[in-house]
Amino acid sequence: MRAFQGQMSDNQPIRRNQAEKEKQLRDLKETIASMKSHTSPTLKESIQRRIRELEIELRTIAREKAAKAANPDAQSDRQRRPPRRNTIRSM
């Protein structure tokens, strides 16, 4: 049976916001800390790789927020709408 567009089974990555990424990072760190010594090295490596990826993503998000806070004028120029055309109602 085929999936509908936008359905969870579309085999697309799940998009997470910053809070969800932070929670996932905490959970993964707890998981790696609670692993036994006989856990497979490949599993440990994959969790550590995902931890590094999440830390990088969170750092870039923090940098982007800091850049937006430092330059509020640059952001407002980009979002400004073009002026409206003169119509009978606006004259």
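Per our numbering: the sequence shown ends with 568, consecutive numbering throughout.
Idealized CB from N, CA, C, for every residue including glycine.
- For residue 565, there is no enclosing alpha helix (DSSP H), as DSSP gives it neither H nor E.
- When DSSP states are grouped into helix, strand and coil, residue 491 belongs to the coil group.
- Distances from the alpha-carbon of residue 500 to those of 563, 514, 511, 532 put 532 closest.
- In this structure, DSSP gives residue 545 a helical state, which the three-state scheme calls helix.
- Contact between the region 510-521 and the region 541-550 is absent, with fewer than three C-beta pairs closer than 8 Å.
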